[in-house]
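Engineer:
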Amino acid sequence: MPLTTARRAKRRGPRRFTSRDLAVIGVLLGIPVLLDLALIWGPTLASIGLSFTSWDGIGDIHWVGIDNYKTLFTDYPPFWPAVRNNLLWVAFLGLVATPFGLLLAVLLDKGVRFSRFYQSTLYMPVVLSLAIVGFIAQLVFSRDQGALNAILANKNDPVDWLGDPDLNIWMVLLAAAWRHTGYVMILYLAGLKSVDPSLKEAAAIDGASETQTFFRVVLPTLRPVNIIVGVITVIEALRAFDIVYAINHGRNGLELLSVLVTDNIIGEASRIGFGSAIAVVLLTVSLGFIVTYLVQELRGGKKG
Amino acid sequence: MTVTTPPAPVRTVTPVTGTAKRRVTRGRLGLHAFLMVVSLAFLAPLLLAVYASLRPYEETAKYGYFSLPRHLSFDYYAKAFNDSGMGKYFVNSLIIAVPGVLLTLFLASFVAFCVTRLRIRGGLVLLMVFTAGNLLPQQVIVTPLYVLFTKIDLPYWMSDSMTMYDSYWAVLAVQVAFQVGFCVFVLANFMRTIPDEIVEAARVDGAGVWAQYWNITLPLCRPALAALATLQFTWMYNDFLWALVFISDGDKLPITSALNNLRGQFFTDYNLLAAGSVIVALPTVLVFLLLQRHFIAGLTLGASKG
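Structure representation (structure tokens):
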């Protein structure tokens, strides 16, 4: 990698690396870059390539053009339910869990007593793996042994919260939101603490109500946090996997794109080409958000 | 950008009149009631799991979860731990997570150092490549990696499967490659706040790149490294997918993925499953409670940039 001091040359004057420096940089920068390219970006490109083949992982690789995509869109029953569930996931986390996390952050930022206790409790679920969240969801929602049916005392006509394909997605979303809310709350809490209090005071002097101050003054200054939270929300919603896999392997109403990819590559039916096509659909959606985010970061970085 | 979250400024409410004061207190009470209810709702599933795990299944089956306990014991914990060989799975998790965290932090901090301190050409591109890589859905790269790992042969002393597939190396490598992205992002933000002069002075004194990195920059990054270490440990420990896909031998699974298998053994006995879940969750909850400050700093270090 060519090394220059162009950007800071004026201030610092020309600078040379000794050959030992170059060796250190070469090895220690080389390893992570190679790892990233070989294990993250290479496979991403390979996924795109494989999605146009009918490879089963063992035999020869046959180019089939867009056949996989055609099959996917027209003749693969779990696909559209999975897309729908992924979108529901984005909508639910984005419209319910995220605003709720923001609300909690705003309330805790008022400097209430016991706020440490509230904070700890509210983001405790964040440290649990989604797999554990899945198991705990079963404890709460299962038909015969679940706590929810016990509360409702409907022993004679128990609701199958996780088994009923019309219901289970909502229960799982609730469980996922349980974890997401705390995460969002911490991020906003940190952001709120860095908001200049004099801004709020100025708004108050101008006669703005608390709500007005929040939406017109505080929220706009939280822009960088909003963007991070937005990206995390969408990416987490698209990545969702563990929780449904832990509950029922993502079947019977809980289909997700991530599960379909996994199903197609592990297990006996190793349809790598087809699985890759699903992965590419997932990638396409994610990339839209990743690029938006990076553009934002880049702008921020230039300013700073 | 703000790196450390400053303590919340003490907000004193100075009531103008008596009515204002009363309104404030009533508002506060409502606020506490709301926060208390939400907190309890958030805790309830965890408490339920703990409670269930302490009671015999027959008892909850007969009287329901919300009955008063007639018999409480740690029997299920002993049973879950001994019968399922959980100790072994914990060791597997540590084999992956401990080197994983150390390697990730080491590599990421050097990349961040190159980008922010040495200002190498293309540093910004590098930063973006790493950051964006961390945001990709894991499932996009899982297929080619699976194929790749089955093709890489390892000597027997490294992997008894003779390939990278079905060995700890596969999971470790992916974890490191994937998480370096996040750490580079956070550490670069952190390093930007270190004054240039410190490194500059060392450079004038003839310190090489390694010395500037290891002796000068890294010690200054200790708060960020501690935060990231806490966070990364939790994430690597909680990993589910990588191990599920890259390890086929059940004995090599880390604890989080292994729990999925345990469920098969436990499926009739929810209380036993609850005990298993609590055991698996315990390390991350403990890490969180003990190192709360670091944990939260790790999540917010990169986010409160502005």
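Chains as they are written, first to last, in full-length UniProt numbering: chain A, 1 to 304; chain B, 1 to 306.
Ideal Cβ positions, reconstructed from N, Cα and C, are used throughout, including at glycine.
1. Excluding the 5 residues preceding and the 5 following B:L145 in the sequence, name in chain order all residues of the same chain whose CB lies nearer than 6 angstroms to its CB.
2. Compare the C-alpha of A:Y69 against each of A:G134, A:V127, A:G275 and A:V225 and name the closest.
3. Below 8 angstroms on the Cβ atoms is my guess for A:S47 versus B:I141; work out the distance and round it to an integer in Å.
4. Assign A:G101 to one of two classes, buried (16 or more other C-beta atoms within 10 Å of its C-beta) or exposed (fewer than that).
5. By the 9 angstroms beta-carbon criterion, what residues does the region 161 to 187 of chain B contribute toward chain A?
6. What three-state label does DSSP hand residue 353 of chain A in the structure shown?
7. What is the rounded straight-line gap between the Cα of A:L87 and the Cα of A:M171?
8. Restricting to Cα atoms, I'd like to know which of B:T163, B:V37, B:L102 and B:V115 is closest to B:Q179.
9. Which whole runs of the beta strand (DSSP E) in the region 16 to 66 of chain A are 3 residues long or more, in chain order?
10. Which of the three DSSP states, helix, strand or coil, is assigned to B:D196?
11. Say whether chain A places a C-beta atom closer than 8 angstroms to the C-beta of B:T131.
12. Could you work out which residue in B:A297, B:V287, B:A275 and B:F190 is closest to B:P56 when comparing CA atoms only?
13. Between the Cα of A:I247 and those of B:S257, B:A132, B:D249 and B:G250, spot the shortest distance and give me the residue it belongs to.
14. Under a three-way DSSP split, which group does B:D153 fall into?
15. Nearest to B:N189 by CA position, among B:A297, B:S84 and B:S248, is which residue?
16. When the Cβ atoms of the region 197 to 204 of chain B are set against those of the region 214 to 228 of chain B, are three or more pairs found closer than 8 angstroms?
17. Do we get a CB-CB distance below 8 angstroms when we pair A:L219 with the residues of chain B?
18. Cutting at 7 angstroms between CB atoms, please list the residues of its own chain near A:V184, excluding the five before and the five after it.
19. In or out: B:F42 buried (at least 16 other Cβ within 10 Å) or exposed?
20. Name the DSSP beta bridge partners of B:T163, please?
21. Using 8 angstroms as the limit for Cβ to Cβ distance, is B:R293 near chain A?
22. What's the C-alpha gap between residue 312 of chain B and A:I31?
23. Assign A:H249 to one of three DSSP states: helix, strand, or coil.
24. Pick out whichever of A:L139, A:F241 and A:K200 has its Cα sitting closest to the Cα of A:L162.
25. Which parts of the region 54 to 140 of chain A are runs of the alpha helix (DSSP H), unbroken and 4 residues or longer, counting only runs that do not cross its ends?
26. Note the first and the last residue of the continuous alpha helix (DSSP H) segment covering B:A177.
27. For a cutoff of 8 angstroms on Cβ pairs, would you count B:N215 as touching chain A?
28. Can you check which of these residues, A:T44, A:V285, A:L108 and A:T74, is closest to A:T121 by C-alpha distance?
29. I'd like to know whether the C-beta of B:L228 is nearer than 8 angstroms to at least one C-beta of chain A.
30. What are the start and end residues of the alpha helix (DSSP H) that includes B:A132?
31. Is the CB of B:Q232 under 8 angstroms away from at least one CB in chain A?
32. Please name the residue in B:P223, B:F246 and B:L105 whose C-alpha comes closest to that of B:V184.
33. Once DSSP output is grouped into helix, strand and coil, what is the label at residue 309 of chain B?
34. Looking at chain A, is there any beta carbon in it that lies within less than 8 angstroms of the beta carbon of B:I141?
35. Say whether chain B places a C-beta atom closer than 8 angstroms to the C-beta of A:V83.
36. With DSSP as the reference, label B:L103 as helix, strand or coil.
Structural biologist: Considering the structure as presented:
1. The answer is none, since no qualifying residue turns up.
2. Of A:G134, A:V127, A:G275 and A:V225, the residue nearest in Cα terms is A:G275.
3. The beta-carbon separation of A:S47 and B:I141, rounded to 7 angstroms, stays under the 8 angstroms limit for a contact.
4. With 16 or more other Cβ atoms within 10 Å, it is buried.
5. Of all residues in the region 161 to 187 of chain B, A173, V174, V176, A177, F178, V180, G181, V184 and F185 have a Cβ within less than 9 angstroms of some Cβ in chain A.
6. Given that chain A is displayed from residue 1 to residue 304, the structure contains no residue 353 of chain A and the question cannot be resolved.
7. Roughly 16 angstroms between the two C-alpha positions.
8. Among B:T163, B:V37, B:L102 and B:V115, the Cα nearest to that of B:Q179 is on B:L102.
9. Fully enclosed beta strand (DSSP E) runs of 3 or longer: not present.
10. For B:D196, the secondary structure class from DSSP, reduced to helix, strand or coil, is helix.
11. For B:T131, the nearest CB of chain A lies under 8 angstroms from its own CB, placing it at the interface with that chain.
12. If we check each option's Cα against that of B:P56, B:A275 comes out closest.
13. Measuring from the Cα of A:I247, the nearest candidate turns out to be B:S257.
14. Annotated three-state conformation of B:D153 is strand, per DSSP.
15. Taking each of B:A297, B:S84 and B:S248 in turn and checking the Cα distance to B:N189, the smallest one comes out for B:A297.
16. Contact between the region 197 to 204 of chain B and the region 214 to 228 of chain B is present, because at least three Cβ pairs lie under 8 angstroms.
17. The beta carbon of A:L219 does not come within 8 angstroms of any beta carbon belonging to chain B, so the residue lies off that interface.
18. The residues are A97, T98, G101, L102 and V229.
19. By the neighbour-count rule (16 or more Cβ atoms within 10 Å), B:F42 is buried.
20. B:T163 pairs with B:D153.
21. Taking Cβ atoms only, chain A never reaches closer than 8 angstroms to B:R293, which makes this a no.
22. Beyond the ends of chain B as shown, which are 1 and 306, falls residue 312 of chain B; an answer cannot be given.
23. Of the three classes helix, strand and coil, the one that applies to A:H249 here is coil, per DSSP.
24. Nearest in C-alpha terms to A:L162, of all of A:L139, A:F241 and A:K200, is A:L139.
25. As far as the region 54 to 140 of chain A is concerned, its whole alpha helix (DSSP H) runs of at least 4 residues are 67 to 74, 79 to 92, 98 to 109 and 115 to 123.
26. Segment Y168 to M191, the alpha helix (DSSP H) holding B:A177.
27. Using beta-carbon distances, B:N215 does not count as an interface residue toward chain A, since no partner is under 8 angstroms.
28. Selected option, being the one with the closest Cα: A:L108.
29. It does not: the Cβ of B:L228 has no partner Cβ on chain A nearer than 8 angstroms.
30. From DSSP, the alpha helix (DSSP H) with B:A132 extends over G123 to L135.
31. B:Q232 does not count as touching chain A.
32. Closest in alpha carbon position to B:V184, among B:P223, B:F246 and B:L105, is B:L105.
33. Residue 309 of chain B cannot be examined here, being either before or after the span of chain B that is shown, 1 to 306.
34. Yes, contact with chain A.
35. Judged by the 8 angstroms Cβ criterion, A:V83 is not in contact with chain B.
36. Looking at B:L103 - three-state DSSP - the assignment turns out to be helix.
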